[in-house]
């Protein structure tokens, strides 16, 4: 999914639609320029056409110097463009383009884009178009303000997540995992795109109040004292106080309220207000179960992660107590679908990720986030990007973790800002060779040369390799042979000898890929038997 904000009034939309029909225009886009950033405020197209943009919603005109908007600004005139002459069209498939400057007090504040797939753009009535524009300028500026608000809200969430990485390694992925579960639940409950956007933002920001909680409490191993627990509970009200002021621009208190309620329980034993049943907003109940579900299957300072079998049983046990009974059933149904058919891994709005770029001379590791914008996937780097303008990119990989599973893709990159790339032509590096449903197994890694042993969590396993995370967090020697003992759920243990192929650090967690060496065929057969049993058992539990 992508962020969706329905801010366009039907009267304005209908006026522009009438115009493009009258003058046989396929596409119309309005851009407002703010500090050398062209913001796509409005896009309209003929019925049955799709909008597949070549540029981001926010175009950095200093980076995209070849963009025609720069020509409009410098010439102060209407620019006609034929995309086969070398320039990249704004929308894929468009051949003929016209960009008309929007002026205010003789200063260009934006432009109107007209695009056609087959026919030249012939003498549209510019005066008529300007009249529609002037009549709706206040509304367009309002859309601009809201778009900038949502953009900065997401950037705030990213900044908060970076701060959480410093305070507690156990919180670095939590907001994104909660958002992923919450969106899947809300989709299943037939929420509109605009409602899904609000649920997603609330999920990303639900624990913002913990930024003020002492990290000793956040990272404490074992149970909190009563005093510590009372301090921890304050994060709900602290978060509400932060968010309620931020969302004044929307005249909408729903997101702050959902955040305030995300620790209320169906049976009335939650906090801060001990609300019960339908007294809690439906969205507050969704956040409650999404938050708890991620806490169950993720490693915390005070506990090891549960496997999905245990998580499903706990959901069923808490149905009608901690959780809304109906939403509990929806969550279990989603886990069922996820395990049996695997939902799209790139369907989230935002995910912490890493991009590895290789050129002839250098290799660059960039930490950041991917997000969806219409049909594009954008990578936002939180690392400084070195100057690679004169370097040819030979290879690029996109890597991210989602719900304890690591995913790797080959990708092509196109830089669109000082810290942003468009990610294109993704190809999974896992296709056909690994089994990767969410499945957490305990294990032990042994260094035969020192006899040192490490407790590990295995997150992915196949007949040839496995992926694990190491609790101690130290780097392992990739030149050594190690022995890993895999502990399956039925008590079976298998010792596997092999080498570490690579170590990928995402959100301060090391993910090691371990390739077996000289594995006995009986061990490989046992791995496949365990995988098959896992699927059968999960299907049985979920019935």
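Numbering (the numbering used here), first residue to last: 65 to 607. The beta-carbon is built from N, C-alpha and C at its ideal position, and this holds for glycine as well.
Nearest neighbour of residue i, chosen from the options [CA to CA]
{"i": "residue 331", "options": "511, 349, 320, 321", "result": "349"}
{"i": "residue 155", "options": "517, 438, 377", "result": "438"}
{"i": "residue 445", "options": "456, 462, 458, 457", "result": "462"}
{"i": "residue 218", "options": "270, 233, 584", "result": "270"}
{"i": "residue 434", "options": "484, 424, 427", "result": "484"}
{"i": "residue 478", "options": "114, 513, 442", "result": "442"}
{"i": "residue 424", "options": "397, 457, 410, 539", "result": "457"}
{"i": "residue 587", "options": "352, 552, 475, 280", "result": "552"}
{"i": "residue 328", "options": "550, 344, 76", "result": "344"}
{"i": "residue 581", "options": "559, 370, 261", "result": "559"}
{"i": "residue 222", "options": "268, 533, 391", "result": "268"}
{"i": "residue 292", "options": "305, 277, 306", "result": "277"}
{"i": "residue 466", "options": "395, 362, 385, 493", "result": "362"}
{"i": "residue 333", "options": "360, 517, 285, 385", "result": "385"}
{"i": "residue 162", "options": "141, 579, 170", "result": "141"}
{"i": "residue 254", "options": "492, 519, 346, 513", "result": "346"}
{"i": "residue 158", "options": "136, 168, 114", "result": "114"}
{"i": "residue 139", "options": "167, 200, 160, 153", "result": "167"}
{"i": "residue 526", "options": "487, 517, 596, 482", "result": "596"}
{"i": "residue 248", "options": "400, 573, 80", "result": "400"}
{"i": "residue 193", "options": "178, 205, 202", "result": "178"}
Integer-rounded CB distance, given that residue j should sit under 8 Å from residue i
{"i": "residue 101", "j": "residue 124", "result": "6 Å"}
{"i": "residue 181", "j": "residue 90", "result": "5 Å"}
{"i": "residue 420", "j": "residue 356", "result": "The pair is not a contact, with the Cβ atoms about 34 Å apart (cut-off 8 Å)."}
{"i": "residue 282", "j": "residue 232", "result": "4 Å"}
{"i": "residue 97", "j": "residue 104", "result": "With 8 Å as the limit, residue 97 and residue 104 do not qualify as a contact, their Cβ atoms being about 11 Å apart."}
{"i": "residue 570", "j": "residue 509", "result": "Contact flag wrong, Cβ pair sits at about 19 Å."}
{"i": "residue 469", "j": "residue 524", "result": "6 Å"}
{"i": "residue 354", "j": "residue 242", "result": "5 Å"}
{"i": "residue 545", "j": "residue 563", "result": "6 Å"}
Burial state of residue i (16 or more Cβ within 10 Å)
{"i": "residue 95", "result": "buried"}
{"i": "residue 556", "result": "exposed"}
{"i": "residue 303", "result": "buried"}
{"i": "residue 120", "result": "buried"}
{"i": "residue 473", "result": "buried"}
{"i": "residue 507", "result": "buried"}
{"i": "residue 489", "result": "exposed"}
{"i": "residue 190", "result": "exposed"}
{"i": "residue 84", "result": "buried"}
{"i": "residue 417", "result": "buried"}
{"i": "residue 631", "result": "What is shown of the chain runs 65 to 607, which leaves residue 631 out entirely."}
{"i": "residue 246", "result": "buried"}
{"i": "residue 577", "result": "buried"}
{"i": "residue 78", "result": "exposed"}
{"i": "residue 88", "result": "exposed"}
{"i": "residue 498", "result": "Reliability of the predicted coordinates at residue 498 is poor, the pLDDT of 47 falling under 50, and the value obtained from them is presented with this limitation in mind. That one is buried."}
{"i": "residue 447", "result": "exposed"}
{"i": "residue 130", "result": "exposed"}
{"i": "residue 352", "result": "buried"}
{"i": "residue 426", "result": "exposed"}
{"i": "residue 389", "result": "exposed"}
Helix, strand or coil at residue i according to DSSP, with G and I counted as helix
{"i": "residue 387", "result": "strand"}
{"i": "residue 500", "result": "Note that residue 500 has pLDDT 49, beneath the 50 cutoff, so the model's placement of it is unreliable and no number is given."}
{"i": "residue 554", "result": "coil"}
{"i": "residue 300", "result": "helix"}
{"i": "residue 186", "result": "coil"}
{"i": "residue 107", "result": "strand"}
{"i": "residue 175", "result": "strand"}
{"i": "residue 158", "result": "coil"}
{"i": "residue 581", "result": "coil"}
{"i": "residue 214", "result": "helix"}
{"i": "residue 374", "result": "helix"}
{"i": "residue 229", "result": "helix"}
{"i": "residue 485", "result": "strand"}
{"i": "residue 321", "result": "helix"}
{"i": "residue 75", "result": "helix"}
{"i": "residue 119", "result": "coil"}
{"i": "residue 571", "result": "coil"}
{"i": "residue 126", "result": "coil"}
{"i": "residue 596", "result": "helix"}
{"i": "residue 417", "result": "strand"}
{"i": "residue 87", "result": "coil"}
{"i": "residue 193", "result": "helix"}
{"i": "residue 590", "result": "helix"}
{"i": "residue 342", "result": "helix"}
Worksheet item: Taking the runs of the alpha helix (DSSP H) that are 4 residues or longer, which of them lie wholly in the stretch 236 to 281?
Response: Within the stretch 236 to 281, the complete alpha helix (DSSP H) runs of at least 4 residues fall at 238 to 252, 257 to 269.
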